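According to my numbering, the sequence shown is numbered sequentially starting from 380.
Think of the CB as a built atom: it goes at the ideal place given N, C-alpha and C, for glycine as much as any other residue.
A quick note: this is a predicted structure, and the numbers were derived from the prediction, not measured.
To keep things clear, I will list the structure first and then write my remarks on it.
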Amino acid sequence: MTRTSQGSELFCVDRGAGLPVLLVHGFPLDHTMWDRQVDVLANRCRVLAPDLRGFGRSPRFGGDQTTMAELADDLASLLDARGVDGPVVFCGLSMGGYIALQFWQNHKERLRALVLCDTRAAADSADVAAGRRAAADRALREGVESLVDGMTPRVFGASTQRLRPERIEPLRRVMLSSDPLAVAAAQRGMADRPDMRSRLGEIHCPTLVVVGREDVSSPPAEVRTMADAIPGAQYVEVPEAGHLSPWENPESFNRALANFLATL
């Protein structure tokens with residue numbers, strides 16, 4: 380467990396040596412969503428896969444809302460505590476991508492490159508933000524099961540549900556184990572996150588944008604528009620994958636990531 384300067388404590392897998400690659404999970408998941416990347420990357424990179432505050436093995440910390448900027452600050456402090464002095468490749472999925480953009484905004488000197496997976500730069504619409512706040516309240520009243528039941532068919536692609544249903548249950552169990560207080564705080568933080576679309580043209584580090592071809596939460600057309608707005612960004616669609624492309628089709632995802640890392 381690593382204590383950050385903000386006072387939170389973060390569990391973090393830390394393996395390998397070389398170029399540091401920071402893998403930041405989505406909501407409401409933990410570091411295990413990257414299991415199919417850690418072993419591969421650790422052969423050539425230093426891989427850090429933390430649990431964000433309140434998720435996985437990291438204890439809950441803070442109030443009833445956790446902002447994406449606070450989570451980015453946690454990760455910058457984690458890198459300090461782990462002795463990571465050089466710039467990192469920040470790879471974030473979904474909520475991890477929202478955090479990545481805040482990390483770029485507030486800690487850009489620490490970035491070697493960005494990998495934005497199944498995420499978006501736009502803020503939530505008023506209706507979506509209201510839905511997040513309502514879901515936060517419901518998680519506190521009833522637990523997270525109804526949230527997970529609603530999310531599961533949206534985050535896994537049709538191909539996974541039809542051809543590889545055994546890949547669903549491990550992450551579903553992770554979601555169901557989430558602390559309702561951490562879930563609520565993150566939902567409220569995502570509802571209030573800033574719209575970053577006007578800033579994308581200012582991103583000048585190497586960037587890879589990846590999306591599952593069957594992602595209905597971050598549709599490929601929207602994600603491609605985000606990639607087109609980032610100077611020099613590479614764009615890759617992962618076949619037979621939805622919103623959790625690194626988990627659903629790790630072979631294709633890992634190939635895209637390896638090709639990108641080889642250019643750095």
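Taking residue i and residue j to be in contact with their CB atoms under 8 Å, please state how far apart those CB atoms are, rounded to whole angstroms.
| i | j | result |
| --- | --- | --- |
| residue 495 | residue 586 | 7 Å |
| residue 466 | residue 493 | Actually they are not in contact, since the Cβ atoms of residue 466 and residue 493 sit about 11 Å apart, beyond 8 Å. |
| residue 561 | residue 439 | 5 Å |
| residue 405 | residue 504 | Residue 405 to residue 504, Cβ: 20 Å. No contact. |
| residue 579 | residue 479 | The pair is not a contact, with the Cβ atoms about 12 Å apart (cut-off 8 Å). |
| residue 396 | residue 425 | 5 Å |
| residue 445 | residue 570 | Residue 445 to residue 570, Cβ: 11 Å. No contact. |
| residue 590 | residue 630 | That pair is no contact at about 16 Å. |
| residue 507 | residue 401 | Incorrect: roughly 27 Å between the Cβ atoms, too far for contact. |
Just list the residues that DSSP pairs residue i with in beta bridges.
| i | result |
| --- | --- |
| residue 467 | 490 |
| residue 496 | 472 and 589 |
| residue 417 | For residue 417, which the question treats as bridged, DSSP gives no partner whatsoever. |
| residue 613 | 587 |
| residue 401 | 427 and 469 |
| residue 388 | 382 |
For residue i, is the classification buried or exposed, using 16 other Cβ atoms within 10 angstroms of its Cβ as the cut-off for buried?
| i | result |
| --- | --- |
| residue 593 | buried |
| residue 420 | buried |
| residue 583 | exposed |
| residue 618 | exposed |
| residue 542 | exposed |
| residue 534 | buried |
| residue 464 | exposed |
| residue 456 | buried |
| residue 625 | buried |
| residue 344 | Since the first residue shown for the chain is 380 and the last is 643, residue 344 is missing from the structure and cannot be characterised. |
| residue 514 | buried |
Identify the continuous alpha helix (DSSP H) that holds residue i and give its terminal residues.
| i | result |
| --- | --- |
| residue 508 | 505–521 |
| residue 540 | 537–542 |
| residue 532 | 524–534 |
| residue 634 | 629–640 |
| residue 547 | 547–555 |
| residue 643 | Here residue 643 belongs to no alpha helix (DSSP H), and DSSP marks it neither H nor E. |
| residue 560 | 559–570 |
Let me know the secondary structure DSSP gives residue i once reduced to three states.
| i | result |
| --- | --- |
| residue 395 | strand |
| residue 439 | coil |
| residue 381 | strand |
| residue 444 | coil |
| residue 449 | helix |
| residue 667 | Residue 667 lies beyond the residue range present for the chain, which begins at 380 and ends at 643; the question has no answer from this structure. |
| residue 342 | Absent from the model: residue 342. The displayed extent of the chain is 380 to 643, so no value can be given. |
| residue 457 | helix |
| residue 408 | coil |
| residue 582 | coil |
| residue 501 | coil |
| residue 576 | helix |
| residue 482 | helix |
Which two residues bound the contiguous beta strand (DSSP E) that contains residue i?
| i | result |
| --- | --- |
| residue 429 | 424–429 |
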